[in-house]
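Trainee: Going down the list, the protein sequences come from chains A and B.
Quick note, my numbering runs 88 ahead of the 1-based positions in the first sequence.
Quick note, my numbering runs 88 ahead of the 1-based positions in the second sequence.
There are 2 protein chains.
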Amino acid sequence: MPLSTMNVVLSRDSQVRAMENTVTNAERYFGQFCSLLASYTRKTARLRDKADQLVKQLIDFANTENPELRATIRDFAEDLAKVQDYRQAEVERLEAKVISPLKLYGAQIKQTRADIKKCKRVQNNEIKQLEKLEKLRQKSPSDRQMISQAETSAQRASVDTNRSTHHLAETVDAFQEQKLKDLRRIFSDFVTIEMVFHAKAVEVYSSAFQTLENYDLERDLQDFRAKMRGIYGHNEARLLTDTNPAPSVPWPLASQSVQSTTAHQGKEAGDEEESEADSVEEIPLEDLKGQQQRHRD
Amino acid sequence: MPLSTMNVVLSRDSQVRAMENTVTNAERYFGQFCSLLASYTRKTARLRDKADQLVKQLIDFANTENPELRATIRDFAEDLAKVQDYRQAEVERLEAKVISPLKLYGAQIKQTRADIKKCKRVQNNEIKQLEKLEKLRQKSPSDRQMISQAETSAQRASVDTNRSTHHLAETVDAFQEQKLKDLRRIFSDFVTIEMVFHAKAVEVYSSAFQTLENYDLERDLQDFRAKMRGIYGHNEARLLTDTNPAPSVPWPLASQSVQSTTAHQGKEAGDEEESEADSVEEIPLEDLKGQQQRHRD
Numbered sequence: 089m090p091l092s093t094m095n096v097v098l099s100r101d102s103q104v105r106a107m108e109n110t111v112t113n114a115e116r117y118f119g120q121f122c123s124l125l126a127s128y129t130r131k132t133a134r135l136r137d138k139a140d141q142l143v144k145q146l147i148d149f150a151n152t153e154n155p156e157l158r159a160t161i162r163d164f165a166e167d168l169a170k171v172q173d174y175r176q177a178e179v180e181r182l183e184a185k186v187i188s189p190l191k192l193y194g195a196q197i198k199q200t201r202a203d204i205k206k207c208k209r210v211q212n213n214e215i216k217q218l219e220k221l222e223k224l225r226q227k228s229p230s231d232r233q234m235i236s237q238a239e240t241s242a243q244r245a246s247v248d249t250n251r252s253t254h255h256l257a258e259t260v261d262a263f264q265e266q267k268l269k270d271l272r273r274i275f276s277d278f279v280t281i282e283m284v285f286h287a288k289a290v291e292v293y294s295s296a297f298q299t300l301e302n303y304d305l306e307r308d309l310q311d312f313r314a315k316m317r318g319i320y321g322h323n324e325a326r327l328l329t330d331t332n333p334a335p336s337v338p339w340p341l342a343s344q345s346v347q348s349t350t351a352h353q354g355k356e357a358g359d360e361e362e363s364e365a366d367s368v369e370e371i372p373l374e375d376l377k378g379q380q381q382r383h384r385d
Numbered sequence: 089m090p091l092s093t094m095n096v097v098l099s100r101d102s103q104v105r106a107m108e109n110t111v112t113n114a115e116r117y118f119g120q121f122c123s124l125l126a127s128y129t130r131k132t133a134r135l136r137d138k139a140d141q142l143v144k145q146l147i148d149f150a151n152t153e154n155p156e157l158r159a160t161i162r163d164f165a166e167d168l169a170k171v172q173d174y175r176q177a178e179v180e181r182l183e184a185k186v187i188s189p190l191k192l193y194g195a196q197i198k199q200t201r202a203d204i205k206k207c208k209r210v211q212n213n214e215i216k217q218l219e220k221l222e223k224l225r226q227k228s229p230s231d232r233q234m235i236s237q238a239e240t241s242a243q244r245a246s247v248d249t250n251r252s253t254h255h256l257a258e259t260v261d262a263f264q265e266q267k268l269k270d271l272r273r274i275f276s277d278f279v280t281i282e283m284v285f286h287a288k289a290v291e292v293y294s295s296a297f298q299t300l301e302n303y304d305l306e307r308d309l310q311d312f313r314a315k316m317r318g319i320y321g322h323n324e325a326r327l328l329t330d331t332n333p334a335p336s337v338p339w340p341l342a343s344q345s346v347q348s349t350t351a352h353q354g355k356e357a358g359d360e361e362e363s364e365a366d367s368v369e370e371i372p373l374e375d376l377k378g379q380q381q382r383h384r385d
């Protein structure tokens, strides 16, 4: 085979290999970007789910607490839920603007791969025709007709290869341009989506921080103490009015016990419990009467 | 049993039950907050891992690309890595300032639970003593010595219960105060940690956005085309200088094939490929000679 023909054939081969590399690289890395970003998005969705569960628990908890803390925790839970709404938007936008376009590469790359395969087939046919021609020239240099036919076939194959290679070059050029454009767009979209989410999160958390800062812990604690004192108070109020035992009370130690109790209380439990007198009837009288009856029977 | 004594006993009982509720609620919700926030933190760590993998793939990909895109993708990957460093700081701070303090509640609640249990034992003992005394009074109202002993025991039990109940009330009061303070501090810390992370992420992504905006796609595409043309050029340069076949070239169709090739190229591939002439010797001459020899043998 003449050197110039060899060069043409080999040059086309390395040209196609270079294009194949471009596509293979894109396939490999875009595939990995796609699966990693899909996984990143799924993990973001799981983070959202976990935070949503926390929101639910916070609201349940708020309902068991005094009004001050209840309002604070509810507001905080609402802010936390708002962040999750933004996270949900982040997930949806990542899916639509990052993962979907990356997935589209699968189809695009498949098409370009098919083009490369076709081009290689055409190239191999050319080589086969050239080898056939070379063989004929060496084995039957006098068979003009056969050689002429083989020359025509080789020429046709060469034209086909040229057309196919140049078509492929255009395809790969367009593919590369699209790849670079999409890459920039996809990652810009990724960054924008993340940036918007994080900016919204900063905004909402700033409000959540204020909510927690404004929480009046002292008032809440006073509520708690009042509630607890309500229960103690029922006890103490009784005790304080019982210092002169009623005629119906047969146990003389009741008042004594009460006195030692209040003395003890004054010493150990501090002012707020000692001075408490507003009785809250926490225990139904029926129950007391019932038990009293039982004990007296 | 006298009404006043009954009231004291029952009031103490509901007092202890209210305190038990406070502790049970704290145990339940703080336990859930702890496990949910630990899970939230683990999921954040997984998000960081996934993004770190993406960073690694981006750098690998950058190394396969032309200088312009390589620099852009590397800078972008660095910014993405920076966000993960902040996420790592977020994870560490959540563990130290949110999860650890919530875990400490386990120990604290266990201690308070033990105090409640002890108080209930003391309460039950008082009730037992009172019942014993009541029984004695009904069955042997004349046995002054026995009744007197039982009265002393009941009195002692009553004093114990009072002391124990008030000690418990103080414990639970302190527990509640600590709970509210810790709750505010832990959630404020949570919000601060999240806020700092999101703010840093906004900052870094803003820079990443600029990096992607500044990417000169055209220059990159020109690089790609030059690289591809380098390989085509090798082909075309040969073809253009081969229009007059050298005496050593026996195949007359070589030049013909070349002419149709260049014509086709000119029509389909556009200016940049047509005008290219700087040949890059991509294929070692030894290989060509070797193959040439093989074909000529």
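Where is the CB? At the ideal position from N, CA and C, for every residue including glycine.
1) Using 8 angstroms for Cβ pairs, my map puts residue 253 of chain B next to residue 111 of chain B. What's the rounded Cβ distance?
2) In chain B, which residues lie with their C-beta within 8 angstroms of the C-beta of residue 132 of chain A?
3) From this set, A:168, A:258, A:238 and A:184, which residue's C-alpha is nearest residue 288 of chain A's C-alpha?
4) Could you tell me the alpha carbon to alpha carbon distance between residue 120 of chain B and residue 173 of chain A, rounded to whole angstroms?
5) Tell me, please, whether the CB atom of residue 312 of chain B is closer than 8 angstroms to any CB atom in chain A?
6) What in chain B is Cβ-close to residue 179 of chain A, meaning under 9 angstroms?
7) Note down the Cα distance separating residue 324 of chain A from residue 225 of chain B, rounded to an integer number of angstroms.
8) Answer yes or no: does any C-beta atom of chain A fall closer than 8 angstroms to that of residue 170 of chain B?
9) With a Cβ-Cβ cutoff of 8 angstroms, do residue 186 of chain B and residue 91 of chain B count as a contact?
10) Using a cut-off of 7 angstroms between C-beta atoms, extract the partners of residue 290 of chain A located in chain B.
11) Would residue 152 of chain B count as contacting chain A if we go by Cβ distances under 8 angstroms?
12) Quick check on residue 304 of chain B: does DSSP put it in helix, strand or coil?
13) Taking the straight line between their C-alpha atoms, what separation do you get for residue 113 of chain B and residue 99 of chain B?
14) Report the rounded CA-to-CA distance for residue 229 of chain B versus residue 312 of chain A, giving the unit in angstroms.
15) Short of 7 angstroms in beta carbon distance, which residues of its chain neighbour residue 264 of chain A, apart from the five on each side in sequence? Order them along the chain.
16) Closer than 7 angstroms by beta-carbon distance: list the chain B residues that pair up with residue 265 of chain A, in chain order.
17) Which residue's Cα is closest to the Cα of residue 116 of chain A: B:116, B:182 and B:149?
18) Helix, strand or coil, according to DSSP, for residue 299 of chain B in the structure here?
19) Can you give the beta carbon distance from residue 189 of chain A to residue 274 of chain A, rounded, assuming they're within the 8 angstroms contact cut?
20) On a CA-only basis, which of B:153, B:231, B:184 and B:242 is nearest residue 122 of chain B? Give me that one, please.
21) Pick helix, strand or coil for residue 152 of chain B, following the three-state DSSP scheme.
22) Please confirm whether residue 159 of chain A and residue 147 of chain A have their CB atoms less than 8 angstroms apart.
23) Go through its chain and collect everything with a Cβ distance to residue 193 of chain A's Cβ below 6 angstroms, but skip five positions before and after it.
24) Looking at chain B, which residues of the region 248-275 of chain A have a Cβ within less than 8 angstroms of any of its Cβ atoms?
25) Within the continuous alpha helix (DSSP H) that includes residue 219 of chain B, where are the two ends?
26) Can you name, in chain order, every residue of its own chain whose Cβ lies under 8 angstroms from the Cβ of residue 356 of chain A, other than the five neighbours on each side?
27) Pairing CB atoms from the region 236-245 of chain A with CB atoms from the region 207-221 of chain A, are three or more of them under 8 angstroms?
28) Answer yes or no: do residue 286 of chain A and residue 293 of chain B have a C-beta to C-beta separation smaller than 8 angstroms?
29) If I'm right that residue 134 of chain B touches residue 131 of chain A with Cβ under 8 angstroms, what's the distance once you round it to whole angstroms?
30) Please confirm if residue 344 of chain A has its CB atom under 8 angstroms from at least one CB of chain B.
31) Have a look at A:239, A:207, A:290 and A:306 and flag the residue whose alpha-carbon is nearest the alpha-carbon of residue 221 of chain A.
Mentor: Here's the rundown:
1) So it is not a contact: roughly 15 angstroms between Cβ atoms.
2) 135
3) A:168
4) 22 angstroms
5) yes
6) By Cβ distance, chain B contributes nothing, its closest Cβ being about 12 angstroms from residue 179 of chain A, past 9 angstroms.
7) Reliability fails at residue 324 of chain A, whose pLDDT of 45 lies under 50, so the model's placement of it is uncertain and no value is given.
8) no
9) no
10) 283, 286, 287 and 290
11) yes
12) coil
13) 21 angstroms
14) 45 angstroms
15) 110
16) 309
17) B:149
18) helix
19) 5 angstroms
20) B:184
21) coil
22) no
23) 118
24) 250, 251, 254, 255, 257, 258, 260, 261, 264, 265, 268, 269, 271, 272 and 275
25) 188-227
26) For residue 356 of chain A, the predicted model reports a pLDDT of 37, less than 50, meaning its position is unreliable; a value from the coordinates is still stated below. Nothing listed; no residue qualifies.
27) yes
28) yes
29) 5 angstroms
30) The predicted model places residue 344 of chain A with a pLDDT of 39, which falls under 50 and marks its position as unreliable; any figure quoted below should be read in that light. It does; some Cβ of chain B falls within 8 angstroms.
31) A:239
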